[in-house]
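Take a look at the structure set out below.
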């Protein structure tokens, strides 16, 4: 999960990743936050994030793996620099090297977890790299969001409560928010509780990330 704050006044976009194994209490049951969706709906998952970070979200965008692949292809591919060397599903990446990725290769770049010394945290940052690259492509050519290829990718593999008009607005009127993209992560401590591995967040870390999000929202207000 990634919380995204788009602020056209400060011309910044802030992305904060929430680990999939984050421990949360839901209806008196302890679960991993990525399981919140299966307990109800997208609204349930969004509520879990809101409760955890004490924030209010304006909407959600749920993208499956095929959707990410098609979104990358719809913007003409993306360019990223690999933060580490690894092989995944027949694709090799070398630390410090830049790669022009198709949608399928972008998936390989962003899905690898177990060979990353940072585990899921490293994967989160590579996922943010892909999203940052997609935003950069949309910023440089906002009419892309109006193309049939892009709309088909969105329509088939993306679920959202944001209207198409709002998506177009984000891509055009909010394009300057892509001038500066900041990345952050909610960091926890791994704990095994009743046979389940969780990332447990301290109150200090939750407060820190809450402040990051609020400061991003209120910048230049």
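Residue numbers (our numbering): 309 to 529.
Glycine residues also receive a C-beta, built at the ideal position from the N, C-alpha and C atoms.
This structure is a prediction, so every number in the text was calculated from the model and none was measured.
Problem - Own chain partners of residue 319 with C-beta closer than 7 Å, once the 5 adjacent residues on each side are dropped - result: In the chain shown, counting from the first residue as 1, residue 319 sits at position 11. If we look at residue 319 and ignore the five residues flanking it on each side, its Cβ neighbours are 484, 485, 487 and 488.
Exercise for the section: Tell me the start and end of each unbroken beta strand (DSSP E) in the stretch 410-435 that is at least 3 residues and wholly inside, in chain order. Expected result: As for any beta strand (DSSP E) of minimum length 3 sitting wholly inside the stretch 410-435, there is none.
Practice task
Determine the direct distance from the alpha carbon of residue 518 to that of residue 314, and round the result to whole angstroms.
Solution key: Position 6 of the chain shown, counted from the first residue, corresponds to residue 314. Position 210 of the chain shown, counted from the first residue, corresponds to residue 518. Going by C-alpha positions, residue 314 is about 15 Å away from residue 518.
Exercise for the section: Take the Cβ of residue 443 as the centre, count every other Cβ of all protein chains shown within 10 Å, and call the residue buried at 16 or more, exposed below. Expected result: Position 135 of the chain shown holds residue 443. Buried, by the Cβ-count rule.
Practice task
Taking only the alpha-carbon atoms, compute the straight-line gap between residue 528 and residue 321 and give it to the nearest angstrom.
Solution key: Locating residue 528 in the chain shown gives position 220, counting from the first residue. Locating residue 321 in the chain shown gives position 13, counting from the first residue. Spanning the two alpha carbons is a distance of roughly 13 Å.
Problem - Proximity of residue 325 and residue 310 at Cβ, strictly below 7 Å - result: Locating residue 325 in the chain shown gives position 17, counting from the first residue. Locating residue 310 in the chain shown gives position 2, counting from the first residue. Yes. Within cutoff.
Exercise for the section: Per DSSP, which residues does residue 394 bridge with? Please list them. Expected result: Here residue 394 refers to the residue found at position 86 when the chain shown is read from its first residue. According to DSSP, residue 394 bridges with 401.
Practice task
Look up residue 498 in the DSSP assignment and say whether it is helix, strand or coil.
Solution key: What you label residue 498 is simply residue 190 of the chain shown in a count that begins at 1. Here DSSP, grouped into helix, strand and coil, assigns residue 498 to strand.
Exercise for the section: Measure from the alpha carbon of residue 380 to the alpha carbon of each residue in 440, 344 and 342, then state which is nearest. Expected result: For the purposes of this step, residue 380 is taken as residue 72 along the chain shown, with counting starting at 1. Residue 380 has its Cα closest to that of 440, out of 440, 344 and 342.
Practice task
For residue 412, I'd like the list of residues in its chain whose CB is within less than 7 Å of its CB, leaving aside the five on either flank, ordered along the chain.
Solution key: Residue mapping note: residue 412 aligns to position 104 of the chain shown, counting from 1. For residue 412, where only same-chain residues beyond five positions count, the Cβ hits under 7 Å are 377.
Handout entry: Residue(s) in a DSSP beta bridge with residue 493
Key = On the chain shown, residue 493 is found 185 positions in, with the first residue counted as 1. 325, per the DSSP bridge assignment.
Exercise for the section: Note down the Cα distance separating residue 361 from residue 432, rounded to an integer number of angstroms. Expected result: If you number the chain shown from 1, residue 361 lands on position 53. If you number the chain shown from 1, residue 432 lands on position 124. Going by C-alpha positions, residue 361 is about 18 Å away from residue 432.
Problem - Under 7 Å between C-beta atoms of residue 401 and residue 410 - result: Taking the first residue of the chain shown as position 1, residue 401 is located at position 93. Taking the first residue of the chain shown as position 1, residue 410 is located at position 102. Going by C-beta atoms, residue 401 is not nearer than 7 Å to residue 410.
Problem - Outcome for residue 333 when other beta-carbon atoms lying within 10 angstroms are tallied against a minimum of 16 - result: Here residue 333 is taken as the residue at index 25 of the chain shown, counted from 1. Classified as exposed, residue 333 has fewer than 16 neighbouring CB atoms from the shown chains inside 10 Å of its CB.
Practice task
Identify whether residue 333 lies in helix, strand or coil by the three-state DSSP scheme.
Solution key: In the chain shown, the residue the question calls residue 333 occupies position 25. Three-state DSSP puts residue 333 in a strand.
Practice task
Find out if the Cβ-Cβ distance for the pair residue 374, residue 397 is shorter than 7 Å.
Solution key: By 1-based counting over the chain shown, the position of residue 374 is 66. By 1-based counting over the chain shown, the position of residue 397 is 89. No. Outside cutoff.
Handout entry: For residue 339, three-class secondary structure by DSSP
Key = What you label residue 339 is simply residue 31 of the chain shown in a count that begins at 1. When DSSP states are grouped into helix, strand and coil, residue 339 belongs to the strand group.
Practice task
Look at residue 330 and residue 341 and say whether their C-beta atoms are less than 7 Å apart.
Solution key: Here residue 330 is taken as the residue at index 22 of the chain shown, counted from 1. Here residue 341 is taken as the residue at index 33 of the chain shown, counted from 1. Against a cut-off of 7 Å, the Cβ pair of residue 341 and residue 330 comes out as a contact.
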